[in-house]
Structures are given as C-alpha cells and as structure tokens.
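A quick write-up on the structure given underneath.
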Amino acid sequence: MTESTGAVYDLGYTPYDGERRGRKGARATVFADGIRRVLGIRRKGRRKILPWALLAIAIVPPIAFVGISFFIPVDVGATFDANLQHAQFFSLGGTIAMLFTALAAPELLIPDRKDGVLSMLSSRPLTSTDYLASRFASLIAIVLGFLLAPQLVLYVGQAGTHPDGVLRGFIDGADALPRVLAVAAIYTLAFVPLGFVIASLSNRKAVATSIYLATMIGLTAFAEAIVQNATFIGSRWIALITPINTADAANAWIFGQSNPGSLLDAADIHPGFGVAALIVIGLAATSFSIIRYRRLM
Amino acid sequence: MPENAFTTSDLGHAYGSVAALHSLDVAVPEGRVGLVGANGAGKSTLIKILLGILTPTTGTATVLGMDTRSDMIDIRSLVGYMPEGPCLPLDQTAADFLVYAAGTAGLPPKAARQRASDVLTLVGLDEERFRYLGDFSTGMKQRAKLAQAIVHDPKLVFLDEPTAGLDPSGREEMLDLIARLGTFGIDVVVSSHVLRDIERTCDWVVMLDEGTLLDSAPLGAVAAEGAVRLEVNGSPDAMLAELSRTGASITADGRRLIVAHPSADVFDIIRDAAVASGSSIRRLDSGGATLEEMFLTKGART
Numbered sequence: 031m032t033e034s035t036g037a038v039y040d041l042g043y044t045p046y047d048g049e050r051r052g053r054k055g056a057r058a059t060v061f062a063d064g065i066r067r068v069l070g071i072r073r074k075g076r077r078k079i080l081p082w083a084l085l086a087i088a089i090v091p092p093i094a095f096v097g098i099s100f101f102i103p104v105d106v107g108a109t110f111d112a113n114l115q116h117a118q119f120f121s122l123g124g125t126i127a128m129l130f131t132a133l134a135a136p137e138l139l140i141p142d143r144k145d146g147v148l149s150m151l152s153s154r155p156l157t158s159t160d161y162l163a164s165r166f167a168s169l170i171a172i173v174l175g176f177l178l179a180p181q182l183v184l185y186v187g188q189a190g191t192h193p194d195g196v197l198r199g200f201i202d203g204a205d206a207l208p209r210v211l212a213v214a215a216i217y218t219l220a221f222v223p224l225g226f227v228i229a230s231l232s233n234r235k236a237v238a239t240s241i242y243l244a245t246m247i248g249l250t251a252f253a254e255a256i257v258q259n260a261t262f263i264g265s266r267w268i269a270l271i272t273p274i275n276t277a278d279a280a281n282a283w284i285f286g287q288s289n290p291g292s293l294l295d296a297a298d299i300h301p302g303f304g305v306a307a308l309i310v311i312g313l314a315a316t317s318f319s320i321i322r323y324r325r326l327m
Numbered sequence: 569m570p571e572n573a574f575t576t577s578d579l580g581h582a583y584g585s586v587a588a589l590h591s592l593d594v595a596v597p598e599g600r601v602g603l604v605g606a607n608g609a610g611k612s613t614l615i616k617i618l619l620g621i622l623t624p625t626t627g628t629a630t631v632l633g634m635d636t637r638s639d640m641i642d643i644r645s646l647v648g649y650m651p652e653g654p655c656l657p658l659d660q661t662a663a664d665f666l667v668y669a670a671g672t673a674g675l676p677p678k679a680a681r682q683r684a685s686d687v688l689t690l691v692g693l694d695e696e697r698f699r700y701l702g703d704f705s706t707g708m709k710q711r712a713k714l715a716q717a718i719v720h721d722p723k724l725v726f727l728d729e730p731t732a733g734l735d736p737s738g739r740e741e742m743l744d745l746i747a748r749l750g751t752f753g754i755d756v757v758v759s760s761h762v763l764r765d766i767e768r769t770c771d772w773v774v775m776l777d778e779g780t781l782l783d784s785a786p787l788g789a790v791a792a793e794g795a796v797r798l799e800v801n802g803s804p805d806a807m808l809a810e811l812s813r814t815g816a817s818i819t820a821d822g823r824r825l826i827v828a829h830p831s832a833d834v835f836d837i838i839r840d841a842a843v844a845s846g847s848s849i850r851r852l853d854s855g856g857a858t859l860e861e862m863f864l865t866k867g868a869r870t
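Structure, rendered in structure tokens:
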C-alpha cells in the first residue's frame, strides 16, 4: 500500500505585487471586451447568431466568386476587373457593415449604462474619454474587419487565379490596397460615429438600432426629396448629409467606376466634398458622445 | 508613521443649488473606517469625490497621500470601489466579469485570470464562477460586487452600503468578509447608515450629518469606555442592588439598565449580579448602543 504524502495547505489571501499597467492596460481590456461583446464571444449562444450570420453574408459572395474564377479560369479571366470587383464588394459589404453597426454600437454602450457597469469602471484608472475611445476602437476594428474580409478574399483569390502565377498576382493586386483601405475607412467614418451618438442617447438596444437605421435611410430619402424637388438656392448641398450615398459615391470615385443614380452626381457635388462632410459629421457626433459620457462617468 | 487613508480640507460639493457637503476638514487613518450618516448625509458624495468621479466645488481631498484632482489615475490604480447600486454585467459569467474587472484595474491578462479565480474563492463564489451574473441572487450579487472591488488587490477599498438589500444571514456573511479584509492588508472605508454594521467591522468612525462633519474618532476607544445596555425580566430591583454593590455606575429606565464601570469588566459584573440576585436577563447589548448614543449626542438626526 502506498502511503499518502500529500498535504492540504490553506494558502489564505495572496497579495498581488506584480505589474500594474494602469491606464494603458485598462484601455486595452475595454477594447478587447468590446470585440468579444459585439461578436457574442463568451456570451450565451443566441448572442452569437446575428454577428456571425452577417459576417457569413459578407464573406460568402467573394468566396463564391473566387471559387468560380478558380474552377472556370478562362471565363473569369476574360471578365475579371479588379477595380470593379473591389467596388462591387464594398457596396455589398458597406450595407452589411451598416447593419452590423446598427446592432453593435448599442451593444457596446447601452448594457454598461443599464447594468450600472459604468459605476464600476468609473473607479478604474480610466477616464470617460478613454472608455469611449476604447469602445469606439472596438467597433471600428470590427467594422473594418467586416469591410476588409471580403476584400482580402478577393485579393487572395485574384492572386491565386492570376495567369502569370500567384506571386505576380499578389504584386499586381497590391496596387489596389491603398484604395481598398481608403474606401474601408470612408465607409467606417460614414457608419460608426452616428451609431455611437445614437447609442449614447438611447437606453434600449432595439430602440437604438431602429433609430439608427431609420436615420441612415431617412437622411437619404430626405436629401433625395430636397435635391430633386426643392428650388431654393443651395438646396443641392443637402445631398452631403447622406452617409450611405456619400460612401457609395466615394467608393465609385476611388475605384474609377460609374455610380448611376448617385445623389451626389445628381446634385453635381464632387465625392471629395462628401468625404469632407463625413469627417465634419463624424467629428461632431464623436464630440457629442464624449461630452455626454463626461457627465456619466 | 502611518499614512492617512484620506484627508479633506474645506471640502464642499453642491448638486446645482443643493449643497451635499459643507467645508469638510478631516484626516482619516489607515485601517477599517466607517462612514456613517443618514440617507442624504453626503457619504456617497464624499466617496465619489475621493475616487475622482465628482469634482469638489470647494476645497481639496487626498487619498493615500495623492490629490484627487491631479492624481486621479494613480489613486484609481490603488483603490477599489463597491458602489451601492448595481454594477454587474448580467450577460457575463462571474469568472469572465472578474477577469474583466481585474484587467480594467490594469492587471495583465494572466494575472487577471489568477486573481479572479482566487477572489471568487475568497468571497465564496467558486462554485458559481461559470454561472451568468443575471442568474445570481441578491446576496451572490453583493459578493460579486465585493469581489470586483478587491480583485486587483487594492491598497484601499471603498464599500458603499455593502449590506443593502441583504437578508440577515447574507448581512452577517458580508460583514465577516469585510472584517477579514483588514487581515489581507486592504484598508477599508465602509459607508452605511446602519450603525451596528459599522460597529461590527470598523475601528474608526467618521460621522456625517446633512453634509457636515459631526465627528471623526477611533471607535475602539469609544466602545471601551462605553456602557453596556441590558434589560431584565421582571423587577430590576434585586439586580440594581447587586450592581450598586460593585461600584458600577447605573442608569435605570424601568427594566432597562445602562451599566458602566471604570475598571472591572462590565460583563463579569452583570453576570455575577444576575447570579447573586436570581435575575434573568432579557437583552444584553455589548456596546451596541454606543455608536448610536455617540451619534445622537452629537446632535444628528437618525
């Protein structure tokens, strides 16, 4: 028989004398939590359905396109236009990114207020601006991911089916990368700040999502009505208040594509002005959110 | 020389036209400090100023020797806070939340996981670590709130009404936990309007009333000097006679007696007097009324 040599020790309380990363660590933690929260990671199963379904919807079309071009290289080789494909998948990805923002921005801000978590966070080495910036960064990272994932599939697929070999394909495809990043940034700018400001004002997630979508679609309808019907001087500049149209117009402009039916075209406004308007709207919305959170934390 | 847990100098705060704190001057030593006062006395406002959540309208405050205005981030790295209201994300498990809470206090991920596990065990929630906080009972939620306040091993922790909403057994468990914090090297500031909770857990008391300081004093000294209150079944005459013989000072109010003695143990005197007189004791309060009496003496409303 083996004699037991084990022993049980009551270790009691162990003080912590390791590293404390202060503000930097707090910001990184809130950022990482934001990513997990919007993707439903370490949450109940039903919380994962919508974000991952949207990601699948964003990524399946380019995978299908690349798959077809891989198996039927002759047909696709004749029609493959990198700029056209990038622009088209941004147009689809933009819509999905907007839907995702409508769900994610309220998820990032409202539960923390509703459940009182802000009162815990307000005792941490973190300012209200740090908190908001970290949450903002989480949403930007995810929305950029939504926009760039299909583009990455396209880039890799395009390289894989390049007639002069994969390496040549990667080098050629890289020409479009700065434009891809610029358009992704413009769509993010169009969707995220407004999503945040609406989420910072509402106390119910479903209400915030509805108001956000109604605002985005409503602004377009309102501006269209003004631009097409109003006769007062300068009415065409109302076209600048439509983030969806502006982002679509900038996408077409940057990739050298036509954009029939564009409100900015109808108003005879260069998309560059539209991007400037997005920056102004984004800064105003972000400033408003910061002021609102200074009162809360 | 021991450091002060916090100090205030001419500290005042007003919510619009309503003044919550008036010109507060106090220096509170390390240890277990009770912040007592009726609802609206300014306890929560004081804690929020000390945490840098509120900016004082007048005066200054320091926590652990640091100024609350200029060193807010440094203070928050070293203190914990259990708010009176809810502060738990209901869609997270206890373990995930505590890892998050430790991370927001600046602990690296690996240390945060280890501390979360240790502290959940400490507050008696180790069996519940994978349950969602939304499924917790009130008592379990209060423990989780305490756990997030100490998960980063703070130097000082502020507990705002930690026993609010708890049933008697939950209250006892929470007070035991708070009393143990001192043995971990964590100084505590407990805010409560329940004087008995403060007597159970603290060795220093700061009394506030309508935003003004009534007193700031060591509770142990007060309790040692304090009288013992007892209530006798039947006639108190025999008991009174026996107690008088010991030289104790007695204040009688019907069957209720307040007994004090300058040198001997009052409880021994009462026991011996009860045996000698054949009296039975209905209630015996070990200094339970002392803080309340002290509070009333200072002229506070309760």
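So the sequence lines, in the order shown, correspond to chains A and B.
Using the working numbering, read the first sequence as starting at 31 and increasing by one per residue.
Using the working numbering, read the second sequence as starting at 569 and increasing by one per residue.
All C-beta atoms in this analysis are idealised placements derived from N, C-alpha and C, irrespective of residue type, glycine included.
Quick caveat, the model's predicted, so the values are computed rather than measured.
Residue i: contacting residues in chain A (beta-carbon distance under 8 Å)
| i | result |
| --- | --- |
| B:His720 | Tyr46, Arg50 |
| B:Leu619 | Ser152, Ser153 |
| B:Leu603 | Within chain A, no residue comes near B:Leu603; the closest Cβ sits about 16 Å away, beyond 8 Å. |
Partners in chain B for residue i, counting only beta-carbon separations shorter than 7 Å
| i | result |
| --- | --- |
| A:Ala134 | Result: empty, since nearest Cβ-Cβ is about 15 Å, beyond 7 Å. |
| A:Asp63 | Tyr668 |
| A:Tyr43 | Leu690, Phe752 |
| A:Arg53 | Ile641 |
Proximal residues of chain A, C-beta to C-beta of residue i below 7 Å
| i | result |
| --- | --- |
| B:Leu688 | Those within 7 Å of B:Leu688 in chain A number zero; the least Cβ separation is about 13 Å. |
| B:Leu714 | Ordered by position in chain A, no residue passes the 7 Å Cβ test against B:Leu714, which lies about 12 Å from the chain. |
| B:Thr672 | Ala56, Thr59, Val60, Leu151, Arg154, Leu156 |
| B:Asp664 | Arg72 |
| B:Arg683 | Tyr46 |
| B:Gly738 | Chain A residues near B:Gly738: none, gap ~19 Å exceeds 7 Å. |
Closer than 8 Å at the beta carbon, the chain B residues around residue i
| i | result |
| --- | --- |
| A:Lys74 | Asp659, Tyr700 |
| A:Asp145 | Pro654, Cys655, Leu656, Pro657, Leu658 |
Residue i, DSSP secondary structure in three states
| i | result |
| --- | --- |
| A:Ile140 | helix |
| A:Asp105 | Residue placement at A:Asp105 is flagged as unreliable, the pLDDT there being 47, under the threshold of 50; the coordinate-derived value follows with that caveat. It is helical. |
| A:Pro45 | coil |
| A:Met150 | helix |
| A:Asn275 | helix |
| B:Leu603 | strand |
| B:Ala792 | At B:Ala792, the pLDDT of 47 sits below 50, so the modelled position is not reliable and the matter cannot be decided from this model. |
| B:Ile849 | strand |
| B:Met742 | helix |
| B:Val691 | coil |
| A:Val213 | helix |
| A:Ala280 | helix |
| A:Thr125 | helix |
| A:Ala296 | helix |
| A:His116 | helix |
| B:Arg683 | helix |
| A:Trp91 | A small correction: the amino acid at residue 91 of chain A is Pro; Trp does not occupy that position in the sequence shown. Note: A:Pro91 maps to helix in three-state DSSP. |
Contact belief for residue i with residue j at Cβ below 8 Å, rounded distance in angstroms
| i | j | result |
| --- | --- | --- |
| B:Arg764 | B:Leu798 | Actually they do not touch by this definition, with Cβ atoms about 17 Å apart. |
| A:Ala280 | A:Ile216 | 5 Å |
| A:Phe226 | A:Ser164 | That pair is no contact at about 12 Å. |
| A:Asp278 | A:Gly124 | 7 Å |
| B:Ala663 | B:Ala680 | Not really, about 11 Å apart at Cβ, beyond 8 Å. |
| B:Ala717 | B:Val725 | 5 Å |
| B:Thr706 | B:Gly733 | 5 Å |
| A:Gln188 | A:Gly203 | 5 Å |
Counted within 10 angstroms of its Cβ, other Cβ atoms place residue i as buried (16 or more) or exposed
| i | result |
| --- | --- |
| A:Gln258 | exposed |
| B:Ser848 | exposed |
| A:Arg234 | exposed |
| B:Leu622 | buried |
| A:Asp329 | Any question about residue 329 of chain A goes unanswered here, given that chain A covers just 31 to 327. |
| A:Tyr323 | buried |
| A:Val173 | buried |
| B:Thr819 | exposed |
| B:Asp777 | buried |
| A:Pro193 | exposed |
Per-residue contacts from residue i into chain A (C-beta, under 9 Å)
| i | result |
| --- | --- |
| B:Cys770 | Those within 9 Å of B:Cys770 in chain A number zero; the least Cβ separation is about 20 Å. |
| B:Pro651 | Gly146, Ser149, Met150, Ser152, Ser153 |
| B:Leu675 | Tyr46, Gly48, Glu49, Arg50, Arg51, Gly55, Thr59 |
| B:Met733 | The displayed chain sequence assigns Gly, not Met, to residue 733 of chain B. Here the premise fails: no neighbours, minimum Cβ distance about 14 Å. |
| B:Arg637 | Ordered by position in chain A, no residue passes the 9 Å Cβ test against B:Arg637, which lies about 13 Å from the chain. |
Within chain B, partners of residue i - CB distance below 9 Å
| i | result |
| --- | --- |
| A:Pro141 | Pro657, Leu658, Asp659 |
Short CB-CB distance (under 8 Å) between residue i and chain D
| i | result |
| --- | --- |
| B:Ser645 | Given the protein chain composition of this structure (A and B), no chain D is represented. |
* What residues in the region 577-596 of chain B bring their beta carbon closer than 8 Å to a beta carbon of chain A? -> none
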